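**Q** Please read through the structure below; I'll follow up with questions.
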Amino acid sequence: MKRIFTVVLALALGVFQTSLAPAQNKGNTRSAPVIVEKEYMLFEDLASAINYLIDKRDPKIIGFGEAHEEYFHLSPSPRPLSARFQEILPLIRRGEDHLVVERSPDPSLICNGHVPTEKRLNIIFRTPRWDLNRWMATLHVAQGAGYFPHLLDYDCGDRRHLLRLEPDSYLEGPTLITAHAKNKVLEIERDRKSAGITMYYGGAIHNDMFPYSGWEHWSFGSTFTKSSGGRYLEIDLYVPEIMEKMVEQRDQLWLLSNDDQWYEIYQREGEKAPVFLFQRSENSYILVLERTTHNE
2 MKRIFTVVLA LALGVFQTSL APAQNKGNTR SAPVIVEKEY MLFEDLASAI NYLIDKRDPK
62 IIGFGEAHEE YFHLSPSPRP LSARFQEILP LIRRGEDHLV VERSPDPSLI CNGHVPTEKR
122 LNIIFRTPRW DLNRWMATLH VAQGAGYFPH LLDYDCGDRR HLLRLEPDSY LEGPTLITAH
182 AKNKVLEIER DRKSAGITMY YGGAIHNDMF PYSGWEHWSF GSTFTKSSGG RYLEIDLYVP
242 EIMEKMVEQR DQLWLLSNDD QWYEIYQREG EKAPVFLFQR SENSYILVLE RTTHNE
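All residue numbers for the sequence shown refer to the numbering used here, where the first residue is 2 and numbers rise by one.
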């Protein structure tokens, strides 16, 4: 394993919230602060970091979270996080493996009586590769790597409800995503025929094990921790460009300034190696990937 070194820290747990959220919520506190021994690790490559996590934690369910890069209007654009995540997929294959992404079928399909099941994803995948959005492209790669690919089970009623929402009701969207994601993953685990891993990939507000007080209904981490017998793993993905934009925008700076102190540690040590891994609690990690070089 190409791990460079590990530093162990004793810090108060104030687990970091990675998804974008209204700035007025910055006074919220995490729902389960405890004292844990924390550590950060530097790795020479992504494969070494992922192999370390899987070997150490032996998860049944993994929730991968991201801060959606489209909100930050980065220029020049870094390599998409979804493309980085696609590199992780073949590293985690264990058996009957499933991937659920934070997207539902196209409204033109589900609102005309044509709800695509998992089997019909093969039809969707006939779209030329460059026409697929990054979520469908990720499912396409996952299927090629041997995963069972899944969308969220929205129906036309869900779509119509979202379209009718008033502007001040926009938070119903994350609530609906969380409910469908939770149901889909639990359904997969209930119906699986053999051992393997179920992964979810989407916004990092949803995968939290310890959500902010009042945000519990947007997160499924505690549910999956219980359903998996403690074998749920939370991994939040970051790149330096997004973190720097958060600092620049300042209204998102509080997301990087928590009792974890992980961002301060990253600023000192993180770019001494391509991959930075910070352990926030027993099964909760931040994974910061390499900065994009624009001659790639």
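Glycine included, C-beta positions come from ideal geometry on N, C-alpha and C.
Treat the numbers as computed from the prediction; the structure is a model and nothing was measured.
The beta strand (DSSP E) spanning G197 covers which residue range?
**A** Where G197 is concerned, there is no enclosing beta strand (DSSP E), given that its DSSP letter is neither H nor E.
**Q** Using 8 Å for Cβ pairs, my map puts E270 next to Y72. What's the rounded Cβ distance?
**A** Going by Cβ atoms, the distance from E270 to Y72 rounds to 27 Å, so no, they are not a contact pair.
**Q** Are there three or more Cβ pairs, one per stretch, closer than 8 Å when the segment 84-103 is compared with the segment 134-144?
**A** Contact holds: three or more Cβ-Cβ distances are below 8 Å.
**Q** Taking only the alpha-carbon atoms, compute the straight-line gap between I287 and R58 and give it to the nearest angstrom.
**A** Each residue's Cα considered, the two are about 14 Å apart.
**Q** Where does P60 sit, in a helix, a strand or coil, going by DSSP?
**A** DSSP places P60 in coil when its eight states are reduced to three.
**Q** Helix, strand or coil: how does DSSP classify S285 here?
**A** Residue state, collapsed to three classes: strand.
**Q** Decide if D56 is buried, meaning its Cβ has at least 16 other Cβ atoms within 10 Å, or exposed.
**A** D56 is exposed by the Cβ-count criterion.
**Q** Judging by CA-CA distance, which residue of T179, E291, G147, Y267 is the nearest neighbour of Q280?
**A** Here the closest residue by C-alpha is Y267.
**Q** Under DSSP, the beta strand (DSSP E) around E235 begins and ends at which residues?
**A** Where E235 is concerned, the enclosing beta strand (DSSP E) stretches over 233-239.
**Q** With distances taken between CB atoms, is the gap from Y201 to A182 smaller than 9 Å?
**A** Yes; because the gap between Cβ atoms is below 9 Å, this pair is in contact.
**Q** Should H74 go down as buried or exposed, given a rule of 16 or more other Cβ atoms within 10 Å for buried?
**A** H74 is exposed by the Cβ-count criterion.
**Q** Report the residue from R232, I62, E217, Y148 whose alpha carbon sits nearest the alpha carbon of G96.
**A** Selected option, being the one with the closest Cα: Y148.
**Q** Comparing alpha-carbon positions, which option in R292, K246, S105 lies nearest G203?
**A** The shortest Cα separation from G203 among R292, K246, S105 belongs to S105.
**Q** Verify the CB distance criterion: does K185 have a CB-CB separation below 9 Å to chain C?
**A** Absence of chain C from the displayed structure is noted, only one protein chain being present.
**Q** Could you check where the alpha helix (DSSP H) with H218 kicks off and where it finishes?
**A** Unbroken run through H218: none, as it is neither H nor E.
**Q** Rank E188, I178, G215 by C-alpha distance to the C-alpha of A205 and give the top, closest one.
**A** The residue with the shortest Cα to Cα distance from A205 is I178.
**Q** Quick check on the burial criterion: 16 or more other C-beta atoms within 10 angstroms. Buried or exposed for G64?
**A** Under this definition G64 is a buried residue.
**Q** Determine the contact status of I236 and I62, defining contact as a CB-CB distance below 9 Å.
**A** In this structure, I62 does not lie closer than 9 Å to I236 by Cβ.
**Q** For a test of the three-state rule: what should DSSP assign to R292, helix, strand or coil?
**A** Note: R292 maps to coil in three-state DSSP.
**Q** Measuring only the C-alpha atoms, how far is L100 from S76?
**A** One C-alpha to the other measures close to 30 Å.
**Q** Using the beta-carbon count (16 or more within 10 Å), is G28 buried or exposed?
**A** Because G28 sits at a pLDDT of 42, beneath the cut-off of 50, its placement in the model cannot be relied upon, and the following sentence gives the value as read from the coordinates. It counts as exposed.
**Q** Closer than 8 Å by C-beta to H218: which residues in its own chain qualify, once you throw out the five before and the five after it? Chain order, please.
**A** These residues qualify, in order along the chain: T176, T179.
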